[in-house]
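K.L.:
Supplied in C-alpha cells, the structure appears directly below.
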Amino acid sequence: MRLGICQMQVTEDKEKNVGTAVEMIVEAAERGARLIVLPEMFTCPYDVNLFSEYAEDENGYSIRTMRSIARELGIHLVAGSIPEETPEGIYNTSFVMDDGGNIIGKHRKVHLFDINVPGEISFRESDSLIAGDSVTVIETPQCVMGVGICYDMRFPELSRMMALGGAEVLIFPGAFNMTTGPAHWRLLVRSRALDNQCYCVAASPARNPSASYVAYGHSMIADPWGSVVCEADASPSVITADIDLEAVERIRRKLPLLRNRRPDVYGWRSGV
Numbered sequence: 001m002r003l004g005i006c007q008m009q010v011t012e013d014k015e016k017n018v019g020t021a022v023e024m025i026v027e028a029a030e031r032g033a034r035l036i037v038l039p040e041m042f043t044c045p046y047d048v049n050l051f052s053e054y055a056e057d058e059n060g061y062s063i064r065t066m067r068s069i070a071r072e073l074g075i076h077l078v079a080g081s082i083p084e085e086t087p088e089g090i091y092n093t094s095f096v097m098d099d100g101g102n103i104i105g106k107h108r109k110v111h112l113f114d115i116n117v118p119g120e121i122s123f124r125e126s127d128s129l130i131a132g133d134s135v136t137v138i139e140t141p142q143c144v145m146g147v148g149i150c151y152d153m154r155f156p157e158l159s160r161m162m163a164l165g166g167a168e169v170l171i172f173p174g175a176f177n178m179t180t181g182p183a184h185w186r187l188l189v190r191s192r193a194l195d196n197q198c199y200c201v202a203a204s205p206a207r208n209p210s211a212s213y214v215a216y217g218h219s220m221i222a223d224p225w226g227s228v229v230c231e232a233d234a235s236p237s238v239i240t241a242d243i244d245l246e247a248v249e250r251i252r253r254k255l256p257l258l259r260n261r262r263p264d265v266y267g268w269r270s271g272v
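In terms of the UniProt record's numbering, the sequence shown is residues 1 to 272.
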C-alpha cells in the first residue's frame, strides 16, 4: 500500500486552503497513493479565536469537497481535521472517507492542547473546543487504522488502545509548534510506532513564519521497528511511501510485545 501525506500551507482563506488540499491530494494520487492524509486544521489557522468563525459540520463545504475528491480519485482520505460545529459545541475533528466518498469514521480530539511553557508558548484549546471521548479504529480494505489528532499522540494509552483494537497504522494529523516540534515530534512518532509495533503517520501543516501559530512541519512516517521511513522538511510538500503491512505481523510475531503485556500488574496500588 502506498500512503501519501500532504504537508500544505494553511492560510486565512478557507476556499484557498481547500483548493490547495485538493491539488496536493491529486498529486499524491498520481504518485500511486491509495491512502492520503491531510494536516490538523487544514481549513483554517490554528488559532483558538478563529475556530468558531471557520467551524462547519460534515455537510459543509470542506467535507463535501473532500468526499467528492476521494470518490473521484478512488482513494481513502483522512481529511486532517477541521473545527466541527455541533449543537453541543465545536470539536477538533478528523473525518475519514472511503474510495466511494462515504464518511466511514471520524475522530474527535480527545486531549485538548492546554499548555503553558513560560517564555515560549501558551495555548488553550479548551477556551473554544470541547473534547471527544472515543478511541477511533477504522477498518478499510487497505489496512486497519487508528486515528488521533496532534496532542493525542503524547498519550501512549490512547495509541495502545488503538493497537489492541487491531490498528496496523496509527495516523495523527498534527500541528506541533516551534517549541515542542524540534524537541518531541520525531521522538513521539517513532515511539508510538515502536511501542505498538505498527506504522505511525504524522501529518503537519507546512511552516509559515508569519502565522500567529507557527507549525513545525516535518510530516513523517515511522515503521513498526521505530525507523523513519520518510520525512518532509518544513516547506509545502507531498511525500509518499510504500507501507508493508506484513512487516507489522512479522515484527509482532518475532518480538511479541503486545502478547507479553501484563495488564494484571499495571493497576495502581497505593503503598507499593
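All C-beta atoms in this analysis are idealised placements derived from N, C-alpha and C, irrespective of residue type, glycine included.
This one's a predicted model, so the numbers in the text were calculated from it and none came from an experiment.
Cutting at 6 Å between CB atoms, please list the residues of its own chain near D98, excluding the five before and the five after it.
P.N.:
H76 and I104
K.L.:
Excluding the five sequence neighbours on either side, which residues of its own chain have a C-beta within less than 8 Å of the C-beta of V214, listed in chain order?
P.N.:
Same-chain partners within the cutoff: N177, M178, R207 and N208.
K.L.:
Among the candidates V135, P156, E157 and F155, whose CA atom is the shortest distance from the CA of V147?
P.N.:
V135
K.L.:
Look up D195 in the DSSP assignment and say whether it is helix, strand or coil.
P.N.:
helix
K.L.:
Would you say A203 touches the ligand GDP, meaning its beta carbon is less than 7 Å from a heavy atom?
P.N.:
Annotation note on the ligand GDP: not contained in the displayed structure, which lists no ligands.
K.L.:
From A71 to L187, what does the alpha carbon distance come to, in whole angstroms?
P.N.:
The question names Ala, yet the displayed sequence has Arg at residue 71. Their Cα atoms are separated by approximately 35 Å.
K.L.:
What residue does the alpha helix (DSSP H) around I63 start on, and which one ends it?
P.N.:
Y61 to L73
K.L.:
I'd like to check one pair, V10 with S128: are the Cβ atoms closer than 8 Å?
P.N.:
no
K.L.:
On the criterion of 16 or more Cβ atoms from any shown chain inside 10 Å, does K14 qualify as buried, or is it exposed?
P.N.:
buried
K.L.:
Since P141 and V37 are thought to touch, with beta carbons under 8 Å apart, how far apart are those beta carbons, to the nearest angstrom?
P.N.:
Incorrect: roughly 17 Å between the Cβ atoms, too far for contact.
K.L.:
What would DSSP say about V272, mapped onto helix, strand or coil?
P.N.:
In this prediction, V272 scores a pLDDT of 48, lower than 50, which makes its location untrustworthy; the coordinate-derived value is nonetheless stated afterwards. It is coil, neither helix nor strand.
K.L.:
By the DSSP assignment, the alpha helix (DSSP H) with F42 in it spans what residues?
P.N.:
Premise fails: F42 is in no alpha helix (DSSP H) and is neither H nor E.
K.L.:
Quick check on the DSSP output: the alpha helix (DSSP H) that includes Y91 runs from which residue to which?
P.N.:
Not the alpha helix (DSSP H): Y91 falls in the beta strand (DSSP E), residues G89 to M97.
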